[in-house]
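Using the UniProt record's numbering, you'd call the opening residue of the sequence shown number 1 and step up by one each time.
Glycine included, C-beta positions come from ideal geometry on N, C-alpha and C.
I have placed the structure first, in the form of structure tokens, so that the comments after it can refer back to it.
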Amino acid sequence: MREGTATVIRREDYAAPAYWIRSVELTFDLDPVKTLVTNRMQVERNPHATTQTLRLDGEDLNLLRVLVNGESVSFRVENQQLVLENLPAESFTLELRNTCSPEKNTQLSGLYTSSGGFFTQCEAQGFRRITYFLDRPDVMAVYTVTLKADRAKYPVLLSNGNLVEQGPLDNGKHYAKWHDPFPKPSYLFALVAAKLVCREQKIRAASGREHLLQVYVRAGDLDKTEHAMHSLIASVAWDERRFGLSLDLDRFMIVAVSDFNMGAMENKGLNIFNTKYVLANPATATDVDHAGIESVVGHEYFHNWTGNRVTCRDWFQLSLKEGLTVFRDQEFSQDLAGTPSARAVKRIDDVRTLRQHQFPEDAGPMAHPVRPDSYLAIDNFYTATVYDKGAEVVRMMQTLVGRDGFARGMTLYFERHDGQAVTCDDFAQAIADANPGSALAHKLEQFKRWYSQAGTPRVAARGLYNAEMRTYTLELSQHCPPTPGQSEKQPFVIPVALGLVGRNAQPLPLQLVGENAPAGTERVLVLSEAAQRFEFTGIEVEPVPSLLRGFSAPVILEDTLSDADLLTLLAHDADPFNRWEAGQRLALNRLLAAIKGDGVLQLDGAYVDAMRAVIRHPALDAAFKELVLTLPGESYIAEQLEEVDPQRIHAVRESMRLQLAHALHAEWEWAYEVHQDQGGYSPDPVSTGRRALVSLSLAYLCLAAAEKQVPLWPGKAYQRFKDAGNMTDRLGALSALVGAHSELAAPALERFHAMFRDEALVVDKWFALQATAPEKGGRVFARVKTLMSHPDFSLRNPNRARSLVTALCFSNPAAFHRTDAAGYVFWAERVLELDAINPQLAARLARAMDRWKQLAEPYRSAAREAIARVAAKGELSDDVREIVTRALA
Ligand code: ARG
Ligand code: ZN
Numbered sequence: 001m002r003e004g005t006a007t008v009i010r011r012e013d014y015a016a017p018a019y020w021i022r023s024v025e026l027t028f029d030l031d032p033v034k035t036l037v038t039n040r041m042q043v044e045r046n047p048h049a050t051t052q053t054l055r056l057d058g059e060d061l062n063l064l065r066v067l068v069n070g071e072s073v074s075f076r077v078e079n080q081q082l083v084l085e086n087l088p089a090e091s092f093t094l095e096l097r098n099t100c101s102p103e104k105n106t107q108l109s110g111l112y113t114s115s116g117g118f119f120t121q122c123e124a125q126g127f128r129r130i131t132y133f134l135d136r137p138d139v140m141a142v143y144t145v146t147l148k149a150d151r152a153k154y155p156v157l158l159s160n161g162n163l164v165e166q167g168p169l170d171n172g173k174h175y176a177k178w179h180d181p182f183p184k185p186s187y188l189f190a191l192v193a194a195k196l197v198c199r200e201q202k203i204r205a206a207s208g209r210e211h212l213l214q215v216y217v218r219a220g221d222l223d224k225t226e227h228a229m230h231s232l233i234a235s236v237a238w239d240e241r242r243f244g245l246s247l248d249l250d251r252f253m254i255v256a257v258s259d260f261n262m263g264a265m266e267n268k269g270l271n272i273f274n275t276k277y278v279l280a281n282p283a284t285a286t287d288v289d290h291a292g293i294e295s296v297v298g299h300e301y302f303h304n305w306t307g308n309r310v311t312c313r314d315w316f317q318l319s320l321k322e323g324l325t326v327f328r329d330q331e332f333s334q335d336l337a338g339t340p341s342a343r344a345v346k347r348i349d350d351v352r353t354l355r356q357h358q359f360p361e362d363a364g365p366m367a368h369p370v371r372p373d374s375y376l377a378i379d380n381f382y383t384a385t386v387y388d389k390g391a392e393v394v395r396m397m398q399t400l401v402g403r404d405g406f407a408r409g410m411t412l413y414f415e416r417h418d419g420q421a422v423t424c425d426d427f428a429q430a431i432a433d434a435n436p437g438s439a440l441a442h443k444l445e446q447f448k449r450w451y452s453q454a455g456t457p458r459v460a461a462r463g464l465y466n467a468e469m470r471t472y473t474l475e476l477s478q479h480c481p482p483t484p485g486q487s488e489k490q491p492f493v494i495p496v497a498l499g500l501v502g503r504n505a506q507p508l509p510l511q512l513v514g515e516n517a518p519a520g521t522e523r524v525l526v527l528s529e530a531a532q533r534f535e536f537t538g539i540e541v542e543p544v545p546s547l548l549r550g551f552s553a554p555v556i557l558e559d560t561l562s563d564a565d566l567l568t569l570l571a572h573d574a575d576p577f578n579r580w581e582a583g584q585r586l587a588l589n590r591l592l593a594a595i596k597g598d599g600v601l602q603l604d605g606a607y608v609d610a611m612r613a614v615i616r617h618p619a620l621d622a623a624f625k626e627l628v629l630t631l632p633g634e635s636y637i638a639e640q641l642e643e644v645d646p647q648r649i650h651a652v653r654e655s656m657r658l659q660l661a662h663a664l665h666a667e668w669e670w671a672y673e674v675h676q677d678q679g680g681y682s683p684d685p686v687s688t689g690r691r692a693l694v695s696l697s698l699a700y701l702c703l704a705a706a707e708k709q710v711p712l713w714p715g716k717a718y719q720r721f722k723d724a725g726n727m728t729d730r731l732g733a734l735s736a737l738v739g740a741h742s743e744l745a746a747p748a749l750e751r752f753h754a755m756f757r758d759e760a761l762v763v764d765k766w767f768a769l770q771a772t773a774p775e776k777g778g779r780v781f782a783r784v785k786t787l788m789s790h791p792d793f794s795l796r797n798p799n800r801a802r803s804l805v806t807a808l809c810f811s812n813p814a815a816f817h818r819t820d821a822a823g824y825v826f827w828a829e830r831v832l833e834l835d836a837i838n839p840q841l842a843a844r845l846a847r848a849m850d851r852w853k854q855l856a857e858p859y860r861s862a863a864r865e866a867i868a869r870v871a872a873k874g875e876l877s878d879d880v881r882e883i884v885t886r887a888l889a
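Written out as structure tokens, the structure reads:
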């Protein structure tokens with residue numbers, strides 16, 4: 001148990017460190033029980049600092065020796081810090097020796113063991129769990145690292161940068177010495193010592209420089225590294241092409257580890273990845289997994305510039321690197337997808353993620369600005385807001401200055417700040433300065449409210465057509481609801497991309513009053529006042545406004561579009577995002593009407609006909625059809641309501657699914673037949689989309705069959721499950737059976753487990769599929785409780801814990817929110833149990849209750865009680881305490 005110190009850290013308290021550490025030599029005698037660390041630092045006093053006391057951070061360390069310029073000195077350890085006073089005037093060598101215990105490190109922060117190897121995770125504050133240090137990102141040092149370990153058990157010894165020496169030692173040990181020429185903050189340090197094999201490839205970059213790329217995995221996993229390697233090669237090429245940024249190292253390594261708190265980590269030259277984001281072959285990984293690998297490999301690689309070459313001054317600036325790097329990985333995947341339609345599919349996917357995770361966060365007790373003002377545990381701020389809303393903020397900058405202007409801004413950013421630790425202001429300033437005439441430059445200070453104000457702004461839109469004058473007046477206004485600690489908000493700068501669609505389906509030319517000519521059929525309006533009007537002239541027919549195209553700002557649009565308007569957009573909008581959005585809103589309107597009304601949903605002909613037209617549409621891609629035909633999720637529906645009854649939402653949505661299954665039966669059959677795979681597996685956007693539509697069709701067909709008790713489609717699904725040539729189809733068929741509560745689901749699940757019992761990532765899918773099955777009479781919840789004692793289950797492995805516990809609590813509202821409160825009791829027990837093992841993971845799980853205040857009774861009172869029970873526990877980590885305290889505030 002790591003009991004908290006409960007000190008709130010505030011952004012306004014930032015002060016430069018009293019000392020700089022310019023270089024560090026680390027030597028590790030690696031042993032799982034007790035690893036000896038020798039740490040020799042070149043330290044320099046910061047002449048501007050107000051104190052001369054040196055305080056080095058440390059956590060769970062055993063300190064053995066402290067030498068200054070080779071002499072012992074007096075020191076004390078106070079609040080987990082090593083405190084030194086009366087130090088030499090300018091620069092000196094500080095040598096420390098300490099031990100730590102990797103095998104006891106179940107938090108997976110710092111140096112830990114996994115499957116018999118050593119791995120590190122230092123972001124945000126793991127380095128202090130390895131040795132005492134100025135563990136803050138504005139202290140950048142050059143690292144030289146020597147690793148010593150048993151040669152047979154740990155044949156591979158890796159650290160950042162270049163390998164400069166290696167060789168045998170006595171007693172069956174060996175060593176390797178690494179040097180990283182780039183000064184870096186401690187959070188980018190990494191080491192690996194393990195029995196691994198690697199796929200490697202030499203590439204010649206556009207710059208002409210040769211690089212060695214390596215992907216390290218366990219011996220049995222080499223056949224699952226091709227996709228990661230391809231993604232890495234594509235990433236290197238993309239960053240050169242799009243931003244002129246090349247790889248600055250001779251060697252770039254990715255290492256996969258099966259115990260990992262997050263997705264992956266961008267340590268300089270030595271990225272460490274959760275196996276989930278490296279390992280894939282057609283038999284074990286789905287299309288979604290392949291896409292995840294592509295984007296995470298890209299993400300970590302892109303950090304080499306946005307994060308490593310230019311890093312954060314302090315952790316409040318986290319979005320400087322994360323928002324920007326998410327934006328970059330999203331653009332990368334869109335560029336790789338290629339066609340406008342495939343790009344739109346990726347964009348829709350990203351927006352769905354934002355709305356599913358970030359919007360609720362921004363509306364709940366953990367709402368915080370993209371650049372937070374304070375924290376108790378920084379690990380709690382690796383959030384959807386910092387990452388995904390942060391990415392939207394960067395995207396809005398690009399929208400305001402244009403693609404080329406944004407690339408110029410990036411160039412200026414690196415010209416100014418390469419090698420520095422900087423702030424979000426520095427980034428925004430560079431983009432604006434490179435585009436002096438732009439709306440961003442004119443309104444930069446106001447634009448930066450996106451960094452300082454939390455909450456999702458609401459934009460209301462009202463259009464008025466004047467048939468006589470041929471004008472169309474669009475009134476836009478904005479307001480942002482209060483969030484914790486911020487009751488009043490100032491207006492944001494909101495780019496609103498729009499088009500006007502004629503009732504005859506034609507895009508209309510967009511000319512504002514006062515302009516001499518139309519500026520095309522799509523343009524970006526900038527809403528920066530509380531309310532503004534835009535008047536278009538020469539509008540020959542009454543238009544339907546298509547607003548916020550491509551989701552041009554992270555806001556909630558409140559317009560007055562009728563069903564007929566939405567049907568027009570669904571059929572004719574030139575913007576695929578808004579076309580999809582129109583379909584979602586048609587579904588949402590029906591769902592919400594039933595939920596707020598008598599709970600009965602009767603599907604109307606207009607909606608069914610529109611969906612039929614989408615399925616049968618000759619020109620739309622399968623991937624896009626699948627997105628339109630997937631109903632909004634239960635938690636997204638919940639976000640639209642003032643008071644939430646999760647059981648009612650589930651019942652109404654299930655009823656809509658069932659009606660769609662029946663009403664479009666012929667279409668599902670048709671779609672299932674004509675989109676079958678031809679030939680071998682490839683995770684490209686076109687075949688991915690076809691498989692997704694086939695799986696969706698099969699799910700609807702099984703659902704319809706279950707209701708009518710006809711075994712044909714479940715039988716076909718079982719057959720498909722057995723014979724599938726790839727994991728996407730196999731899991732699709734299996735989940736169709738599970739989702740329809742078919743009798744064949746149990747034998748199929750059993751068979752699936754038997755086939756893949758040795759593939760950890762597939763076993764995770766097996767748990768997750770059961771935890772997210774549509775609830776029916778409490779069966780799913782009961783099954784999850786049973787699975788907790790399955791021999792393959794463990795809370796110690798984060799992926800496994802997430803596959804069952806997180807999946808239930810976050811992704812299965814109807815199974816989790818029970819009138820008997822059993823779900824909340826389960827949650828409280830798991831949070832406490834996990835907190836003793838891994839506080840970061842426990843705190844993530846704790847957030848399943850973020851939106852408790854929105855719940856109807858009896859859920860609400862029961863939820864509060866469960867949170868209070870956790871909060872009342874004496875020895876909580878800072879991580880969990882921060883979450884439950886905010887939830888109860
Ligand atoms: N920088 C990593 C990434 O987004 C995330 C590491 C976060 N780790 C943590 N313990 N909070 O690529
Ligand atoms: Zn990142």
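In whole angstroms, give me the CA-to-CA distance for Val544 and Asp329. The sequence position of residue 544 within the sequence shown is 544, counting from 1. The sequence position of residue 329 within the sequence shown is 329, counting from 1. Their backbone Cα atoms lie some 33 Å apart in a straight line.
Taking Met253 as part of the beta strand (DSSP E), name the residues at either end of that continuous run. Working through the sequence shown from its first residue, we reach residue 253 at position 253. Its beta strand (DSSP E) spans residues Arg251 to Val257.
Going by the CB atoms, is the gap between Leu26 and Ala39 shorter than 7 Å? The sequence position of residue 39 within the sequence shown is 39, counting from 1. The sequence position of residue 26 within the sequence shown is 26, counting from 1. Note on residue identity: the sequence assigns Asn, not Ala, to residue 39. Result yes, Cβ atoms of Asn39 and Leu26 sit closer than 7 Å.
Do the CB positions of Val884 and Ala843 come within less than 7 Å of each other? Your numbering for residue 884 matches position 884 in the sequence shown. Your numbering for residue 843 matches position 843 in the sequence shown. It is not a contact, given that the beta carbons lie outside the stated cut-off.
Which class does Thr806 belong to by DSSP, given the choice of helix, strand or coil? The residue labelled residue 806 in the question sits at position 806 within the sequence shown. Note: Thr806 maps to helix in three-state DSSP.
Is it buried or exposed for Gly680, if we count other Cβ within 10 angstroms and need 16 for buried? Numbered from its first residue, the sequence shown carries residue 680 at position 680. Gly680 should be labelled exposed.
Tell me which same chain residues have a C-beta within less than 8 Å of the C-beta of Thr51, skipping the five on either side of it? As a first step, residue 51 must be located in the sequence shown, where it is residue number 51. Taken in chain order, the residues that qualify are Ala18.
I want to check one thing, is the minimum distance from the CB of Val306 to the heavy atoms of ligand 2 below 6 Å? As a position in the sequence shown, residue 306 is number 306, starting the count at 1. The question names Val, yet the displayed sequence has Thr at residue 306. No, the Cβ of Thr306 stays beyond 6 Å of every heavy atom of ligand 2.
Take Ala461 and list the residues in its own chain whose beta-carbon comes closer than 6 Å to its own, dropping the five residues that flank it on each side. Residue mapping note: residue 461 aligns to position 461 of the sequence shown, counting from 1. Excluding positions up to five away in sequence, the list reads Leu476, Leu547 and Asp559.
Nearest-angstrom Cβ-Cβ length linking residue 890 and Pro509, presumed shorter than 8 Å: Here the chain comprises residues numbered 1 to 889, so residue 890 is not present and cannot be evaluated.
Who are the Cβ neighbours of Leu566 in its own chain at under 7 Å, not counting the five residues just before and after it? The residue labelled residue 566 in the question sits at position 566 within the sequence shown. Excluding sequence neighbours, Leu566 sits near Ala582, Arg585 and Leu586.
Those runs of the beta strand (DSSP E) which lie wholly inside the region 833–888 and span at least 3 residues: Whole beta strand (DSSP E) segments, 3+ residues: zero.
Taking Val394 and Leu324 to be in contact with their CB atoms under 8 Å, please state how far apart those CB atoms are, rounded to whole angstroms. Translated into the one-based positions of the sequence shown, residue 394 becomes position 394. Translated into the one-based positions of the sequence shown, residue 324 becomes position 324. A Cβ-Cβ distance of about 5 Å is found for the pair Val394 and Leu324, placing them in contact under the 8 Å criterion.
Counted within 10 angstroms of its Cβ, other Cβ atoms place Ala746 as buried (16 or more) or exposed: Residue numbering aside, residue 746 sits at position 746 when the sequence shown is read from its first letter. Answer is exposed; the Cβ neighbour count stays below 16.
Write down every uninterrupted run of the alpha helix (DSSP H) in the region 585–641 whose length is 4 residues or greater and which is fully enclosed by it, in chain order. 605–616, 622–629 and 634–639
Following the continuous beta strand (DSSP E) through Asp180, name the residue where it begins and the one where it ends. As a first step, residue 180 is located in the sequence shown; it is residue number 180 there, counting from the start. Counting along the chain, the beta strand (DSSP E) containing Asp180 begins and ends at Lys173 to Lys184.
Among Asp31, Ala176 and His357, whose alpha-carbon lies nearest the alpha-carbon of residue 896? Past the boundaries of the shown model lies residue 896; the chain is included only from 1 to 889, so the question cannot be answered.
Decide yes or no for the touch test of the region 477–485 against the region 451–469: beta carbon pairs closer than 8 Å, at least 3 of them. The region 477–485, when compared against the region 451–469, does touch it at the 8 Å Cβ threshold.
Check whether the Cβ of Glu294 lies closer than 6 Å to any heavy atom of ligand 4, and answer yes or no. In the structure shown, ligand 4 is absent; the only ligands present are ligand 1 and ligand 2.
What are the boundary residues of the beta strand (DSSP E) that includes Trp20? Against the sequence shown, residue 20 aligns to sequence position 20. Where Trp20 is concerned, the enclosing beta strand (DSSP E) stretches over Tyr19 to Asp29.
Per-residue DSSP class, three states only, for Ser231: Taking the sequence shown and counting its residues from 1, one reaches residue 231 at position 231. Assigned with DSSP and collapsed to three states, Ser231 falls in helix.
What is the DSSP secondary structure of Met727, reduced to helix, strand or coil? Within the sequence shown, the letter at position 727 stands for residue 727. In this structure, Met727 counts as helix in the three-state DSSP scheme.
Opening and closing residue of the alpha helix (DSSP H) in which Ile649 lies: Position 649 of the sequence shown, counted from the first residue, corresponds to residue 649. Membership of Ile649 in the alpha helix (DSSP H) is indicated by the continuous run Pro646 to Ala663.
Under 7 Å between C-beta atoms of Arg151 and Lys173: Locating residue 151 in the sequence shown gives position 151, where the first residue counts as 1. Locating residue 173 in the sequence shown gives position 173, where the first residue counts as 1. Yes, the pair counts as a contact, with Cβ atoms nearer than the cut-off.
Alpha carbons only, please: which of Val459, Ser794 and Ala421 is nearest the one belonging to Glu529? Counting from one through the sequence shown, the residue named residue 529 turns up at place 529. Residue Val459 is the option with its Cα nearest to Glu529.
Pull up the distance between the alpha-carbon of Asp138 and that of Asn267, whole angstroms please. Here residue 138 refers to the residue found at position 138 when the sequence shown is read from its first residue. Here residue 267 refers to the residue found at position 267 when the sequence shown is read from its first residue. Cα-Cα distance, rounded: 16 Å.
Express the C-alpha separation of Asn105 and Leu82 in angstroms, rounding to a whole number. As a working note, residue 82 is residue 82 in the sequence shown. As a working note, residue 105 is residue 105 in the sequence shown. Leu82 and Asn105: Cα-Cα distance of roughly 21 Å.
Determine the direct distance from the alpha carbon of Pro839 to that of Arg2, and round the result to whole angstroms. One-based indexing of the sequence shown puts residue 2 at position 2. One-based indexing of the sequence shown puts residue 839 at position 839. With a pLDDT of only 49 at Arg2, under the threshold of 50, the placement of this residue in the model should not be trusted; the figure read from the coordinates follows. So the two alpha carbons sit approximately 8 Å from each other.
For the region 344–359 and the region 372–379, state whether three or more C-beta atom pairs, one from each stretch, are separated by less than 8 Å. Short answer: they don't touch.
Using 6 Å as the cut-off, classify the Cβ of Tyr718 as near or not near the heavy atoms of ligand 1, replying yes or no. The residue you call residue 718 lines up with position 718 of the sequence shown. Result no, Cβ not under 6 Å from ligand 1.
Within the same chain, show all residues whose beta-carbon is closer than 8 Å to that of Thr7, passing over the 5 residues directly before and after it, in chain order. Locating residue 7 in the sequence shown gives position 7, where the first residue counts as 1. Same-chain partners within the cutoff: Leu376.
Between the CA atoms of Ser114 and Val33 - distance to the nearest angstrom: In the sequence shown, the residue the question calls residue 33 occupies position 33. In the sequence shown, the residue the question calls residue 114 occupies position 114. Each residue's Cα considered, the two are about 13 Å apart.
Please list the terminal residues of the continuous alpha helix (DSSP H) segment that includes Pro495. Numbered from 1 along the sequence shown, position 495 holds the residue referred to as residue 495. No alpha helix (DSSP H) holds Pro495; the beta strand (DSSP E) holding it covers Ile494 to Gly502.
At the level of alpha carbons, what is the spacing between Gly732 and Leu749? Position 732 of the sequence shown, counting from 1, holds the residue named residue 732. Position 749 of the sequence shown, counting from 1, holds the residue named residue 749. Approximately 12 Å between the Cα atoms of the pair.
Checking the sheet assignment: what are the DSSP bridge partners for Phe92? Here residue 92 is taken as the residue at index 92 of the sequence shown, counted from 1. Its beta-bridge partners are Val43.
Whose C-alpha, out of Pro491, Asn466 and Val422, is nearest the C-alpha of Lys448? Here residue 448 is taken as the residue at index 448 of the sequence shown, counted from 1. When only C-alpha atoms are compared, the closest one is Pro491.
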